[in-house]
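Participant: A single structure is presented below for examination.
Right under this line is the structure:
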């Protein structure tokens, strides 16, 4: 279910997009879900770990102030300007989409059980098969390791092919991830851009681009 500001949008009640959710709305957002942002012919489908309470209360992915997803996306060159979370509906026009590994919202990802990650991985593979993106980019190496049984996975391209898509693991853009700076996250995202004509895609997808940080999310 969706709650809070998201519910008010559906009811037509006037609201301020920039108004943060109340404490009550945040608490009511536990276990809520957010619809995927998806469309045909996507170049990259980003996959978050699961919605935080702030995102679930607003209905927007990576919405909590301090999350670096949207600034990093802009710095990467994948979108021409900085998008606000409430502009997420524009992403498919740039060949991009967003989903989550686990649908239900929690205050912290640590509240999720290992079996939820594994079940989410199976559901994600089915979604990718249906949506057909070129690349699946999972935003969080620890979640990827658990969901797909890859305990040694690191940031960057993976040997796995999921649902027919190449797989890339990105740093978790949460502001709680002190191991990666904004510039490093953006550099990893930039490596997802389609290769220019005449350049082998594999070269772009394996070239350097990190910030020297450890591959922890």
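Residue numbers (the numbering used here): 189 to 405. C-beta atoms are modelled at their ideal positions from N, C-alpha and C, and glycine is treated no differently.
1. So, for residue 313: in the same chain, excluding its five sequence neighbours on each side, which residues have a beta-carbon less than 6 Å away from its beta-carbon?
2. Pick helix, strand or coil for residue 240, following the three-state DSSP scheme.
3. Counting only the same chain and skipping the five closest in sequence on each side, list residues whose C-beta sits under 8 Å from that of residue 258.
4. Nearest to residue 323 by CA position, among 214, 358, 331, is which residue?
5. How would you call residue 285, buried or exposed, if buried means at least 16 neighbouring beta carbons within 10 angstroms?
6. Taking residue 282 as the reference, give the member of 233, 343, 338 with the closest Cα.
7. Distance, Cα to Cα, residue 213 vs residue 296?
8. Assuming residue 292 contacts residue 238 under a Cβ cut-off of 8 Å, what Cβ separation, rounded to an integer in Å, is found between them?
Facilitator: Short version:
1. Cβ contact annotation for residue 313 (same chain, cutoff 6 Å, sequence separation greater than five): 350, 351, in chain order.
2. Correct three-state label for residue 240: strand.
3. Correct list, in chain order: 250, 270, 271, 272, 273.
4. Closest by alpha carbon: 358.
5. Its Cβ being crowded by 16 or more others within 10 Å, residue 285 is buried.
6. Measuring from the Cα of residue 282, the nearest candidate turns out to be 233.
7. Approximately 16 Å between the Cα atoms of the pair.
8. Right, the Cβ-Cβ distance comes to about 6 Å (below 8 Å), so this counts as a contact.
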